[in-house]
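*Asks:* In case it helps, the working numbering puts the sequence shown at residues 7 to 275.
Think of the CB as a built atom: it goes at the ideal place given N, C-alpha and C, for glycine as much as any other residue.
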Amino acid sequence: MTFTDSHCHLDHEKFGADLEGVLKRASDVGVTRILCIGTGDGPPQLDCAILLAERFPQIVATVGVHPHEAAKVTPQTYVDLRRLAAHPKVVAFGEIGLDYHYDFSPRDVQRTVFIEQLKLARDLALPITLHIREAWDETMAILDEHWSGPGIVHCFTGDVRQAGQALAKGFHLAFGGVITFKTAENVREAAKITPDDRLLIETDAPYLAPIPYRGKRNEPAMMVETVKKLAEVRGTTPESIAALTQANFERLCLDPRNPTRYTEISDGN
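1. Please specify which runs of the alpha helix (DSSP H), each continuous and at least 4 residues long, are wholly inside the segment 70 to 112, giving them in chain order.
2. Roughly how many whole angstroms lie between the Cα atoms of residue 64 and residue 192?
3. Closest by CA to residue 247, which one among 214, 221, 210, 202?
4. If we ignore side chains and look at the alpha-carbon of each, how far apart do residue 244 and residue 8 end up?
5. May I ask you to report which of helix, strand or coil DSSP gives residue 152?
6. Could I get the ranges of all uninterrupted beta strand (DSSP E) runs contained in the segment 7 to 41, with 3 residues as the minimum, in chain order?
7. Which same chain residues, not among the five before or five after residue 211, have their C-beta less than 7 Å away from its C-beta?
8. Which one of 66, 237, 81, 146 has the shortest CA to CA distance from residue 182?
9. Let me know the secondary structure DSSP gives residue 183 once reduced to three states.
10. Would you call the segment 56 to 71 and the segment 36 to 43 touching, i.e. three or more CB-CB distances under 8 Å?
11. What do you get for residue 26, buried or exposed, if any count of 16 or more other CB atoms within 10 angstroms of its CB means buried?
12. For residue 206 and residue 158, I'd like the C-alpha separation in whole angstroms.
13. From residue 274 to residue 250, what distance separates their C-alpha atoms?
14. Round the Cβ separation of residue 260 and residue 97 to the nearest angstrom and send it over; I've been treating them as touching at under 8 Å.
15. If you follow the beta strand (DSSP E) that residue 43 is part of, which residue opens it and which one closes it?
16. Taking the Cβ atom as the reference point for each residue, do residue 138 and residue 173 lie within a distance shorter than 8 Å?
17. Are the beta-carbon atoms of residue 126 and residue 88 separated by less than 8 Å?
18. Alpha carbon to alpha carbon, how far is residue 73 from residue 119?
19. Looking at the structure shown, is residue 251 part of a helix, part of a strand, or coil, going by DSSP?
20. So is residue 160 buried or exposed if we call it buried at 16+ other beta carbons inside 10 Å?
21. Just the C-alpha distance for residue 22 and residue 208, rounded to the nearest angstrom, thanks.
22. Out of 54, 179, 187, point me to the one whose CA is closest to residue 198's CA.
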């Protein structure tokens with residue numbers, strides 16, 4: 007049984023002291039590929055995930071500006087994103103979107119940066135991974151106007167209605183540790199109605215560790231608990247969840263014509 011973690015922040019300082027141990031534990035439980043999100047602390051540094059992907063063959067990367075950091079964007083940011091997106095291990099654009107919970111960047115700036123990144127992702131033919139917090143309806147409206155491609159609703163925590171909206175737009179839904187939380191019945195109901203070919207799993211590590219690790223630093227190896235819960239919710243086996251989510255990720259984000267491009271780059275060690 008092997009897994010793909012479709013959303014992880016391995017560049018986070020919480021992994022600074024033991025990243026190789028984190029990756030070893032992930033490998034030991036069957037996590038064979040990790041999508042590392044490249045937003046980091048925002049512009050001007052935009053290559054944090056690429057640097058990890060160049061070191062470790064199991065890591066692939068995104069580039070993008072998180073809505074928290076939208077106020078840091080300059081015209082040069084878009085030039086840099088376009089250049090970095092050409093890297094052979096960049097497989098998606100994100101995480102991008104709107105966050106009206108914290109409002110770390112002004113909402114009008116978030117909207118502008120989101121739309122510009124949608125245009126970039128469209129030009130580059132990359133799927134997007136979405137961050138949506140307390141901005142669901144406005145995000146859907148922006149997508150209606152500016153996006154018609156594939157993507158992932160990262161860390162889906164909505165209800166059945168919202169799941170249906172995202173699925174109707176062609177998105178995949180990624181479920182993480184939240185699905186194990188006692189209060190997350192709405193998320194479990196959404197997971198039940200997600201078609202097999204639109205289902206993904208993630209950790210969002212170091213955040214949102216699943217039960218029984220809740221409150222601890224999350225890491226890819228803990229995704230096993232999410233897989234078990236998803237299997238229970240959907241009336242299937244962990245092996246089935248692992249296989250179909252890995253196939254979904256590969257179909258969405260990897261190039262089947264040249265799959266070795268995602269494992270060839272390393273530091274030579």
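*Replies:* On the basis of the supplied data:
1. 81 to 90, all fully within the segment 70 to 112.
2. What you label residue 64 is simply residue 58 of the sequence shown in a count that begins at 1. What you label residue 192 is simply residue 186 of the sequence shown in a count that begins at 1. Taking the straight line joining both Cα atoms gives about 33 Å.
3. Within the sequence shown, the letter at position 241 stands for residue 247. Nearest option by C-alpha distance: 202.
4. Here the question's residue 244 lines up with position 238 in the sequence shown. Here the question's residue 8 lines up with position 2 in the sequence shown. Looking at the two C-alpha atoms, the distance is approximately 10 Å.
5. Within the sequence shown, the letter at position 146 stands for residue 152. Helix at residue 152.
6. Runs of the beta strand (DSSP E) inside the segment 7 to 41: 9 to 14.
7. For the purposes of this step, residue 211 is identified with residue 205 of the sequence shown, where counting begins at 1. For residue 211, where only same-chain residues beyond five positions count, the Cβ hits under 7 Å are 14, 15, 224, 225, 226.
8. Looking up residue 182 in the sequence shown gives position 176. Comparing Cα positions, the closest option is 237.
9. Counting from one through the sequence shown, the residue named residue 183 turns up at place 177. The answer is helix: DSSP assigns residue 183 an H, G or I state.
10. Cβ pair count under 8 Å is three or more, so yes.
11. By 1-based counting over the sequence shown, the position of residue 26 is 20. So residue 26 ends up on the exposed side.
12. The residue given as residue 206 occupies position 200 in the sequence shown. The residue given as residue 158 occupies position 152 in the sequence shown. For residue 206 and residue 158, the distance between alpha carbons rounds to 8 Å.
13. Here residue 274 corresponds to residue number 268 of the sequence shown, with the count starting at 1. Here residue 250 corresponds to residue number 244 of the sequence shown, with the count starting at 1. Confidence at residue 274 is low in this model, with a pLDDT of 37, below 50, so its placement is unreliable and the value that follows should be read with caution. If you take the alpha carbons of residue 274 and residue 250, they lie about 32 Å apart.
14. Taking the sequence shown and counting its residues from 1, one reaches residue 260 at position 254. Taking the sequence shown and counting its residues from 1, one reaches residue 97 at position 91. Residue 260 to residue 97, Cβ: 6 Å. Contact.
15. Taking the sequence shown and counting its residues from 1, one reaches residue 43 at position 37. First-last for residue 43: undefined, no H or E at that position.
16. By one-based count along the sequence shown, residue 138 stands at place 132. By one-based count along the sequence shown, residue 173 stands at place 167. Their beta carbons are not under 8 Å apart, which means residue 138 does not touch residue 173 by this criterion.
17. The residue labelled residue 126 in the question sits at position 120 within the sequence shown. The residue labelled residue 88 in the question sits at position 82 within the sequence shown. It is a contact, given that the beta carbons lie within the stated cut-off.
18. For the purposes of this step, residue 73 is taken as residue 67 along the sequence shown, with counting starting at 1. For the purposes of this step, residue 119 is taken as residue 113 along the sequence shown, with counting starting at 1. Distance between the alpha carbons of residue 73 and residue 119: 8 Å.
19. Translated into positions along the sequence shown, residue 251 becomes position 245. When DSSP states are grouped into helix, strand and coil, residue 251 belongs to the helix group.
20. Counting from 1 along the sequence shown, the entry for residue 160 is found at position 154. It counts as buried.
21. Indexing the sequence shown from 1 puts residue 22 at position 16. Indexing the sequence shown from 1 puts residue 208 at position 202. Residue 208 has its alpha-carbon roughly 20 Å from the corresponding atom of residue 22.
22. Looking up residue 198 in the sequence shown gives position 192. Out of 54, 179, 187, 179 has the C-alpha closest to the C-alpha of residue 198.
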